[in-house]
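Here is the structure we will look at.
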Amino acid sequence: MPFAQPPTIDGELLEWELRPGPGLGLPAQTGFNERWTGREDFSARLWLAWDADYLYLAAQATDDKVVLAPGGDRNKGDLLRFWWAADAADAGVALTLQPAKDDLAAQLIDTGTGGALPGAVAAWVSVDR
């Protein structure tokens, strides 16, 4: 759904909440396993919008206990990841946010394996709140 004016990027979702956006919170929607205990354990609502210049992403996630990545392996802790690629592309882009550490990364991802491309380095930056 397009924006007539760019949204205010301030962490508030008032401009987004009345727009359509898919929700996640059912086992069939993701790779939840037996450790998932319900919507309080993890659920999310996502929005995409655009204007003449940019694509905008917004997400609202619920988690009853934020888990830091054990041993520094960022992929094993709680995170929110958006990734996209063109049809039949060999690579895509992943945007990853780790709320517990206030870190954000962008990385090239192999669309076949879902893993980082050889030599692709994630650019992790601190996010001001």
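For the sequence shown, the numbering used here gives the first residue as 38, with consecutive numbering after it. Beta carbons: idealized from backbone N, C-alpha and C, even for Gly.
- Closest option to GLU77, judged by alpha-carbon separation, among GLU71, TRP53, LEU55, GLY62: GLY62.
- Here DSSP, grouped into helix, strand and coil, assigns PRO39 to strand.
- Taking C-alpha positions only, LEU50 is separated from GLU71 by approximately 31 Å.
- Close CB contacts of TYR91 within its chain, under the 8 Å cut and outside five residues either way in sequence, are with PRO43 (chain order).
- For the pair LEU83 and ALA98, the CB atoms are not nearer than the 7 Å cut-off.
- Residue burial annotation: PHE119 is exposed, with fewer than 16 other C-beta atoms found within 10 angstroms of its C-beta.
- Annotation for ALA95: the continuous beta strand (DSSP E) segment containing it runs 92-99.
- LEU117 has its alpha-carbon roughly 24 Å from the corresponding atom of ASP88.
- Taking C-beta atoms as the reference points, ASP115 and ASP100 count as a pair closer than 7 Å.
- Membership of ARG82 in the beta strand (DSSP E) is indicated by the continuous run 80-87.
- ALA41 has its alpha-carbon roughly 25 Å from the corresponding atom of ALA81.
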